[in-house]
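To keep things clear, I will list the structure first and then write my remarks on it.
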Amino acid sequence: MRSLSEKIREKAREFGIHRVGFAPAVELSIERGKLAEWLARGNHGEMRWMEREPEKRTDPRILFPPAKTVISAAVNYFTPHQHEGPGKISRYAWGDDYHDVVKGKLTALLDWIKHEVPAEGKVCVDTAPIMDKAWAVRGGLGWIGKHSNLITREVGSWVFLGEILIDLELEYETEPVADHCGTCTKCIEACPTDAITEPYVVDSRKCISYATIELRDEELPPQIAENLNGWLYGCDICQDVCPWNRFEMPSEEEAFEPRNGETALDPTRIAAMEHEEYIVRFRRSAIKRAKLPGLKRNAAAVGGNREG
Ligand code: SF4
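Numbers given in my numbering equal positions in the sequence shown, counted from 1, plus 52.
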């Protein structure tokens with residue numbers, strides 16, 4: 053008879069979750085040390101929220117006290133379109149907001165589990181303070197590449213991560229997935245702003261993705277602005293060059309297809325965009341994270357006109 057763990061894996065695939073993995077809900081003590089070191093070096097830039105509640109970030113039982121297991125989920129979001137610029141949008145933000153899409157899948161999976169056995173759980177998709185890459189590694193979904201993104205052997209790194217904290221014991225991965233970066237350094241060499249300061253360490257302050265999405269300054273740092281290479285929202289360079297993304301496969305999730313068929317935003321149009329249009333265009337889109345002033349700043353830097 054199939055175990056509950058096997059049934060959950062199978063059900064997850066039906067919900068369009070590429071893979072799930074299970075790990076005991078314990079404190080991430082090694083990862084907590086690494087996070088503290090990364091923060092102490094200021095690598096998080098202006099993302100001050102990352103400094104808050106480190107104990108909550110590294111112990112899922114503080115987020116959800118009955119938790120016995122962290123179910124990690126990887127949802128493939130690759131769609132077979134190319135970046136076109138200027139005004140390029142990071143691939144993850146082409147379609148509908150992943151928070152909604154992935155949360156819907158995980159909630160459906162949790163509801164199914166609760167229907168099968170008595171259980172309580174909590175769904176997390178990038179809103180609760182949880183170290184999703186660390187849990188994905190512990191759950192056997194993949195390894196963290198030198199560019200600091202999770203890489204799966206099956207479909208590469210174009211995956212969204214989410215978790216279900218649950219009060220059930222499941223069958224845990226015994227062997228972590230080995231690091232398959234080997235001697236490759238393509239992502240480090242390709243980054244135009246040298247944001248990967250050493251293997252596995254990204255300095256957000258040098259990262260185009262951080263600057264164009266998270267940074268609230270009126271101007272982009274000169275080193276970023278001069279090396280944007282047409283990126284208006286986010287950046288995929290380190291993942292585009294990764295040999296493991298030769299295994300990319302189209303997602304079956306239509307919500308990840310580019311909205312309006314756009315993989316880029318016209319900088320001139322963004323420069324002239326009024327708030328009302330912004331609200332309509334980016335409703336339920338991850339792009340609204342940058343806010344309209346941020347998009348206009350980025351558009352100006354990639355060649356748009358602030359005044360429209
Ligand atoms: S480009 Fe090479 S070094 Fe970078 S994450 Fe991919 S395999 Fe690892």
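By construction, the Cβ of each residue, glycine as well, lies at the ideal position given by its N, Cα and C atoms. All values reported here derive from a predicted model rather than from experimental measurement.
| Asked | Found |
| --- | --- |
| 8 Å CB neighbourhood of E103 in its chain, flanking five on each side removed | L91, H96 |
| F299 to G208 span [Cα, whole Å] | 6 Å |
| Neighbourhood of ligand 1 [Cβ distance below 5 Å to any heavy atom], ordered by chain position | G197, K198, H199, C233, C236, K238, C239, C294 |
| Cβ contact check for the region 338-353 and the region 162-177: 3 or more pairs under 8 Å | no |
| Assigned secondary structure, A77 (DSSP; H/G/I helix, E/B strand, else coil) | coil |
| Rounded separation between E223 and F334 - CA only | 41 Å |
| Residue nearest to E227 in terms of C-alpha spacing, selected from N350, G192, L220 | G192 |
| Those runs of the alpha helix (DSSP H) which lie wholly inside the region 99-168 and span at least 4 residues | 106-110, 112-115, 150-168 |
| Continuous alpha helix (DSSP H) stretch holding K174: start and end | That residue, K174, is in no alpha helix (DSSP H); its beta strand (DSSP E) goes 173-176. |
| Sequence-distant residues of the same chain with beta carbon closer than 8 Å to V253, five excluded per side | W90, N95, S200 |
| Cβ contact check for the region 61-78 and the region 123-130: 3 or more pairs under 8 Å | yes |
| Residues near A64 in its chain [Cβ-Cβ closer than 6 Å; skip 5 each side] | V72, L161 |
| Bounding residues of the alpha helix (DSSP H) (the contiguous stretch that carries I289) | 289-292 |
| Close-in-space but distant-in-sequence residues of the same chain around R358 (CB under 7 Å, 5 per side omitted) | Its pLDDT being 40, under 50, R358 is placed unreliably in this model, and the value from its coordinates should be taken loosely. Excluding sequence neighbours, R358 sits near A323, K348, A352. |
| N- and C-terminal bounds of the beta strand (DSSP E) containing I248 | 248-250 |
| Those runs of the alpha helix (DSSP H) which lie wholly inside the region 225-263 and span at least 4 residues | 238-242 |
| Within 8 Å, strictly: CB atoms of A75 and E225 | yes |
| DSSP-derived helix/strand/coil call for R358 | In this prediction, R358 scores a pLDDT of 40, lower than 50, which makes its location untrustworthy; no coordinate-derived value is stated. |
| Three-state secondary structure (DSSP) of R268 | coil |
| Short Cβ contact (8 Å threshold) for R255 with T264 | It should be noted that the sequence gives Asp, not Arg, for residue 255. Not closer than 8 Å, so no. |
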